[in-house]
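Before any comments, here is the structure.
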Amino acid sequence: MLAPVPPTEPPAAVGDLASALSRLRATIGGTTYPLVMPSAEEGRRIGAALVAQLDDYLLPRLARLDAPLLVVVGGSTGAGKSTLVNSLVRAPVTRAGVLRPTTRSPVLVSHPSDSPWFRNGQLLPGLTRTAESSTDPQTLQLVSAPALGPGLAFLDAPDIDSVVDRNRQLAAQLLAAADLWLFVTTASRYADAVPWELLTTARLRGTVIALVLDRVPPEAAGEVSAHLTEMLTARDMGAAPVFVLPESTLDGSGLLSEEVTRPLHDWFAQLAADGNARAAVVKQTLDGALAALGPAVAGLAEAADEQAAAAKALDERVTAAYRTSRRTMADGLQDGRLLRGEVLARWQEFIGTGEFLRTLESRVGQLRDKIVATITGRPAPGRNLQAALESQLATLLRGVASDAAEQAYSSWQAHPAGAALLEPSLQGPSADLPQRAERMVRDWQLFVLDLVRSEAGDKRVVARGAAYAVNGIGLTVMIAVFTSTAFIPTGAELAVGAGTTVAAQKVLEAIFGDQAIRTLATRAREELLARVNVLLDAEAARFTDRTAAVGLELEPGATLRQAAADVERSREEVALTGTPS
Numbered sequence: 036m037l038a039p040v041p042p043t044e045p046p047a048a049v050g051d052l053a054s055a056l057s058r059l060r061a062t063i064g065g066t067t068y069p070l071v072m073p074s075a076e077e078g079r080r081i082g083a084a085l086v087a088q089l090d091d092y093l094l095p096r097l098a099r100l101d102a103p104l105l106v107v108v109g110g111s112t113g114a115g116k117s118t119l120v121n122s123l124v125r126a127p128v129t130r131a132g133v134l135r136p137t138t139r140s141p142v143l144v145s146h147p148s149d150s151p152w153f154r155n156g157q158l159l160p161g162l163t164r165t166a167e168s169s170t171d172p173q174t175l176q177l178v179s180a181p182a183l184g185p186g187l188a189f190l191d192a193p194d195i196d197s198v199v200d201r202n203r204q205l206a207a208q209l210l211a212a213a214d215l216w217l218f219v220t221t222a223s224r225y226a227d228a229v230p231w232e233l234l235t236t237a238r239l240r241g242t243v244i245a246l247v248l249d250r251v252p253p254e255a256a257g258e259v260s261a262h263l264t265e266m267l268t269a270r271d272m273g274a275a276p277v278f279v280l281p282e283s284t285l286d287g288s289g290l291l292s293e294e295v296t297r298p299l300h301d302w303f304a305q306l307a308a309d310g311n312a313r314a315a316v317v318k319q320t321l322d323g324a325l326a327a328l329g330p331a332v333a334g335l336a337e338a339a340d341e342q343a344a345a346a347k348a349l350d351e352r353v354t355a356a357y358r359t360s361r362r363t364m365a366d367g368l369q370d371g372r373l374l375r376g377e378v379l380a381r382w383q384e385f386i387g388t389g390e391f392l393r394t395l396e397s398r399v400g401q402l403r404d405k406i407v408a409t410i411t412g413r414p415a416p417g418r419n420l421q422a423a424l425e426s427q428l429a430t431l432l433r434g435v436a437s438d439a440a441e442q443a444y445s446s447w448q449a450h451p452a453g454a455a456l457l458e459p460s461l462q463g464p465s466a467d468l469p470q471r472a473e474r475m476v477r478d479w480q481l482f483v484l485d486l487v488r489s490e491a492g493d494k495r496v497v498a499r500g501a502a503y504a505v506n507g508i509g510l511t512v513m514i515a516v517f518t519s520t521a522f523i524p525t526g527a528e529l530a531v532g533a534g535t536t537v538a539a540q541k542v543l544e545a546i547f548g549d550q551a552i553r554t555l556a557t558r559a560r561e562e563l564l565a566r567v568n569v570l571l572d573a574e575a576a577r578f579t580d581r582t583a584a585v586g587l588e589l590e591p592g593a594t595l596r597q598a599a600a601d602v603e604r605s606r607e608e609v610a611l612t613g614t615p616s
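Here the sequence shown stands for residues 36 to 616, where the numbers follow the numbering used here.
Printed below as a string of structure tokens:
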């Protein structure tokens, strides 16, 4: 047995290319297409195929350019692939299937001295090595054939048009790991569509191709081979060698006669004996596969960019919906709509009963009202007003949140990626929004009271009225928040009892001054809108958290393009085929 040839140290440029390939592999493997888009499924399929080719062939082959040349024998169902392999090595090393589809593991036949390279698992690392025939397609049966010269190996692949999905997928995976693809077809099947699709893919990858036209009736040999040659030429594969095998009877071992296979046998024997020829085939296929990475990755980059663009578009639709709700809320605080109905009635009651003035003049008056309210069971008008304000604000907030949720839901439903992310609960606001809205309003009311207390400082009237005066002034400031002119009645405000508002304004101006009142109202309004924004942000996040959860980068395509560009630059520097780009 010949000793295995020790590996040679690759040039530094080859090492740089291997590093660039590893980075590209990591980038492709880390790119996801989670959103439902027309290009997503294709992106996942091509991405998985590229990762498989990098792992199965490109990286291990680049690490050992001098490793044995792998010939993958593929073709249509029943074309005679296994019989041909057995006949070339003159031994029944791979079982020819009579029933279709034949479900078994692929078989790799090599010279004993080449077995260590294929056994170590660098090439096609996802397949478990075995020495026995298996029905598990995830295993690779290794067979030694002394009759096969060193430097060359045959891999008998499943049918490329098998009715079993896993067989077809495995066949495509193995063909992508070929240094040379020996395509086997018959006189009756050579024009089938599926083989030509794979042949075109192999050409685009730069894979070296040879064809065997098997079982050709002698009277049809000229016509069929001429037509096949025309088809190859039309598809830019006219340089591929074609071997025509006539119809013949198998011998007792199920092999074709040596006379029938001699042209093909001699071609492979010459290739196996010529190290330079083998190296040229390996480098041509390897260089072609590397060059094909750029266009393939460009397609992945476009699909990845579409994912990021879709996520951005979905977020923008949510932003637009909740921007409208914020604008509606802000308008509601300025156009006087909140001063109607219950709030207006309670405000007029508050002013008309004199409670507001009494709270500014004396604690005793307020205490008297509280005692009366206790005896009669009726709450003080100020408390009624505060409750009405709370109810009106919470109702408005629930309304705008509900409208925004419905708008965002509808806009996502019209987008394929958005529709897939939706669930029924998003069609309306959060279930606990009413409670959170009421709590927010109450917290804001407390803020206003603290603001009045802070701004009052040592104002004599407020100091004398203590907390009761603060409450009265605070309620009046809250009312001021609901008008666009801070108590100067215009337009709609005239229709909601502006006369009593002016009376309150005069009292407040006497205590704080005109500019101070405006400042108090402005600050209170800004604080209210800020708190509303926080609440609406939480509502919008129910949508945007779903796009954020898919983990898309801002510009995923740029990373892919850069990684592919690094590989292409390194490929040009290595110049495997001796012709730098």
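The beta-carbon is built from N, C-alpha and C at its ideal position, and this holds for glycine as well.
Q: Classify N311 as buried or exposed, calling it buried when 16 or more other Cβ atoms lie within 10 Å of its own Cβ.
A: Taking the sequence shown and counting its residues from 1, one reaches residue 311 at position 276. Exposed.
**Q.** Neighbourhood of A296 by C-beta, 8 Å cutoff - its chain only, sequence neighbours within 5 removed
**A.** Along the sequence shown, one-based indexing puts residue 296 at 261. Strictly speaking, residue 296 in this sequence is Thr, with Ala absent from that position. Here the set comprises L119, S122, L123 and L280.
Q: Quick one: measure Cβ to Cβ for A192 and L209, integer angstroms, because I've assumed they're closer than 8 Å.
A: By one-based count along the sequence shown, residue 192 stands at place 157. By one-based count along the sequence shown, residue 209 stands at place 174. Right, their Cβ atoms sit about 4 Å apart.
Q: Report yes if the C-beta of A565 is less than 7 Å from at least one heavy atom of the ligand ADP; otherwise report no.
A: For the structure depicted, the ligand ADP is absent and the ligand set is empty, with no information on it obtainable.
Q: Hey, could you find the ends of the alpha helix (DSSP H) Q305 is sitting in?
A: As a first step, residue 305 must be located in the sequence shown, where it is residue number 270. First-last of the alpha helix (DSSP H) with Q305: E293 to A308.
Q) If you compare alpha carbons, which of L461, S288 and L325 is closest to E607? A) Numbered from 1 along the sequence shown, position 572 holds the residue referred to as residue 607. Of the listed residues, the one whose Cα sits closest to E607 is L325.
Q: Indicate whether Q448 and A356 have their beta-carbon atoms separated by less than 8 Å.
A: Taking the sequence shown and counting its residues from 1, one reaches residue 448 at position 413. Taking the sequence shown and counting its residues from 1, one reaches residue 356 at position 321. No.
Q | Nonlocal neighbours in the same chain, by C-beta distance under 8 Å from G8, ignoring five residues either side | A | Nothing about residue 8 can be reported from this structure: the residues present for the chain run from 36 to 616 only.
Q) Is it true that the CB of D601 sits closer than 8 Å to the CB of A55? A) As a working mapping, residue 55 is identified with position 20 in the sequence shown. As a working mapping, residue 601 is identified with position 566 in the sequence shown. Yes, the Cβ-Cβ distance between A55 and D601 is below 8 Å.
Q) Looking at the structure shown, is P95 part of a helix, part of a strand, or coil, going by DSSP? A) Here residue 95 refers to the residue found at position 60 of the sequence shown. Three-state DSSP puts P95 in a helix.
Q | Length of the line joining the Cα atoms of L127 and Q176 | A | Here the question's residue 127 lines up with position 92 in the sequence shown. Here the question's residue 176 lines up with position 141 in the sequence shown. Reading off the sequence, residue 127 comes out as Pro, not Leu. C-alpha separation (whole angstroms): 14 Å.
Q.
Quick check on G257: buried or exposed, where buried means 16 or more other Cβ atoms within 10 Å of its Cβ?
A. Within the sequence shown, residue 257 is the residue found at index 222, counting from 1. Looking at its Cβ environment, which holds fewer than 16 other Cβ atoms inside 10 Å, G257 is exposed.
**Q.** Stretch pair the stretch 193-205 + the stretch 298-314: three plus CB contacts closer than 8 Å
**A.** Segments in contact, no.
Q. Are the stretch 74-81 and the stretch 237-252 touching by the rule of at least three beta carbon pairs closer than 8 Å?
A. The count of Cβ pairs closer than 8 Å, one atom from the stretch 74-81 and one from the stretch 237-252, stays below three, leaving the stretches out of contact.
(Q) I need the DSSP call for G509, collapsed to helix, strand or coil. (A) Position 474 of the sequence shown, counted from the start, is the residue given in the question as residue 509. Helix.
Q: Give a yes or no on whether the C-beta atoms belonging to L215 and T320 are separated by under 8 Å.
A: Position 180 of the sequence shown, counting from 1, holds the residue named residue 215. Position 285 of the sequence shown, counting from 1, holds the residue named residue 320. It is a contact, given that the beta carbons lie within the stated cut-off.
Q: Drop a sphere of 10 angstroms on the beta-carbon of S111, count the other beta-carbons inside from all chains shown, and report buried for 16 or more, exposed for fewer.
A: As a working note, residue 111 is residue 76 in the sequence shown. S111 is buried by the Cβ-count criterion.
(Q) I'd like the span of the beta strand (DSSP E) that includes T174, first residue to last. (A) In the sequence shown, residue 174 corresponds to position 139, counting from 1. Segment T174 to S179, the beta strand (DSSP E) holding T174.
Q: Out of A348, L510, V243 and Q204, point me to the one whose CA is closest to L555's CA.
A: For the purposes of this step, residue 555 is taken as the residue at position 520 of the sequence shown. For the residues A348, L510, V243 and Q204, the minimum Cα distance to L555 belongs to L510.
Q) Going straight from the alpha carbon of V49 to that of L100, what length do you get? A) What you label residue 49 is simply residue 14 of the sequence shown in a count that begins at 1. What you label residue 100 is simply residue 65 of the sequence shown in a count that begins at 1. The straight-line gap from Cα to Cα measures roughly 10 Å.
Q: For my contact list, N506 and L484 are in at a C-beta cut-off of 8 Å; report their separation, rounded to the angstrom.
A: Sequence index remark: in the sequence shown, residue 506 carries index 471 (1-based). Sequence index remark: in the sequence shown, residue 484 carries index 449 (1-based). Confirmed, about 7 Å.
Q: Tell me where the alpha helix (DSSP H) around S605 begins and ends.
A: On the sequence shown, position 570 is the one that residue 605 refers to. From DSSP, the alpha helix (DSSP H) with S605 extends over P591 to V609.
Q: Could you check the C-alpha separation between T220 and P160 for me, to the nearest Å?
A: Along the sequence shown, one-based indexing puts residue 220 at 185. Along the sequence shown, one-based indexing puts residue 160 at 125. Roughly 29 Å separates the two Cα atoms.
Q. Looking at L299 and F278, is the spacing between their C-beta atoms short of 8 Å?
A. To locate residue 278, count along the sequence shown from 1; it is residue 243. To locate residue 299, count along the sequence shown from 1; it is residue 264. In contact: F278 and L299 (Cβ atoms closer than 8 Å).
Q.
Going residue by residue through the stretch 114-175, where are the continuous alpha helix (DSSP H) segments of at least 4 residues, counting only ones entirely within it?
A. 116-124 and 150-154
Q | DSSP bridge partner residues for G78 (one or two, in chain order) | A | Residue mapping note: residue 78 aligns to position 43 of the sequence shown, counting from 1. In DSSP, G78 forms no bridge with anything.
Q) Do the stretch 226-234 and the stretch 142-150 touch if we need at least three Cβ pairs shorter than 8 Å? A) no
Q. Which of the three DSSP states, helix, strand or coil, is assigned to I63?
A. Against the sequence shown, residue 63 aligns to sequence position 28. Here I63 sits in helix by DSSP.
**Q.** Exposure label - V569; buried when at least 16 CB within 10 Å
**A.** Numbered from 1 along the sequence shown, position 534 holds the residue referred to as residue 569. Classification for V569: exposed.
Q: Give the range of the beta strand (DSSP E) segment to which D191 is assigned.
A: Taking the sequence shown and counting its residues from 1, the one referred to as residue 191 is at position 156. L187 to D191 is the span of the beta strand (DSSP E), which, as asked, contains D191.
(Q) My parser needs the alpha helix (DSSP H) runs of 4 or more residues fully inside the stretch 410-474; what are they? (A) 416-448 and 451-456
(Q) Is the separation between the beta-carbon of R381 and that of N419 shorter than 8 Å? (A) As a working note, residue 381 is residue 346 in the sequence shown. As a working note, residue 419 is residue 384 in the sequence shown. Yes, the pair counts as a contact, with Cβ atoms nearer than the cut-off.
Q: Using beta-carbon positions only, say whether A131 and S150 come within less than 8 Å of one another.
A: Against the sequence shown, residue 131 aligns to sequence position 96. Against the sequence shown, residue 150 aligns to sequence position 115. Contact flag unset, no.
Q: Have a look at the DSSP bridge pairing and note the partners of W216.
A: Your numbering for residue 216 matches position 181 in the sequence shown. According to DSSP, which records beta bridges pairwise, W216 is partnered with V107 and I244.
Q: Excluding the 5 residues preceding and the 5 following E590 in the sequence, name in chain order all residues of the same chain whose CB lies nearer than 8 Å to its CB.
A: Indexing the sequence shown from 1 puts residue 590 at position 555. Taken in chain order, the residues that qualify are D340 and A343.
Q.
Can you give me the C-alpha to C-alpha distance between G186 and A307, rounded to a whole angstrom?
A. Start at 1 with the first residue of the sequence shown, and residue 186 comes out as number 151. Start at 1 with the first residue of the sequence shown, and residue 307 comes out as number 272. Roughly 6 Å between the two C-alpha positions.
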